[in-house]
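Colleague: Attaching a single structure in structure tokens format; questions to follow.
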Amino acid sequence: MAKRYKVRSEVVLWPGAQGAWHFVYVDKKHSEEIRKKYTGPRRGFGAVRVRVRVGKTTWETSIFPDSRAGVYILPLKAKVRRAEGIFAGDTITFTLEISA
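Each residue of the sequence shown is one higher than the one before, counting from 1 in UniProt numbering.
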């Protein structure tokens with residue numbers, strides 16, 4: 001059975017060699033629960049597979065642990081940002097769904 005987490009976070013830029021990546025942070029409470037509850041096999045970098053919904057847009061991706069902040073981060077694809085009118089500095093609400 002899938003577990004859903006509703007999160008509100010500010011969109012931040014993470015500069016890279018080929019342009020800036022847009023991310024949102026999963027809050028500490030939810031990140032801790034995810035870390036404890038989903039201990040099965042992880043993808044590269046300790047990633048957890050998720051289904052995400054922002055506004056009317058839904059997609060599948062992964063959240064990644066950010067050891068500096070102690071939380072998970074969610075990358076926001078350009079296609080999603082364009083569809084939902086999301087820019088760096090915006091505060092958005094998104095839903096994560098993780099299958100057990």
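Note that CB positions come from ideal geometry on N, CA and C, so glycine has one too.
1) Among all the DSSP beta bridges, which residues are the ones paired with H22?
2) Identify every residue that forms a DSSP beta bridge with E3.
3) Should the stretch 76-94 be regarded as contacting the stretch 28-38, the criterion being three or more beta carbon pairs within less than 8 Å?
4) The beta strand (DSSP E) that contains R68, what's its start and end?
5) Can you tell which of L76, T91 and S99 has its C-alpha closest to the C-alpha of W21?
6) Given R53, which residues of its chain have a CB within under 6 Å of its CB, disregarding the five upstream and five downstream residues?
Modeller: According to the data block:
1) L13
2) Per the sequence shown, residue 3 should be read as Lys rather than Glu. Looking at the DSSP assignment, K3 forms a beta bridge with I98.
3) no
4) First-last for R68: undefined, no H or E at that position.
5) L76
6) T95
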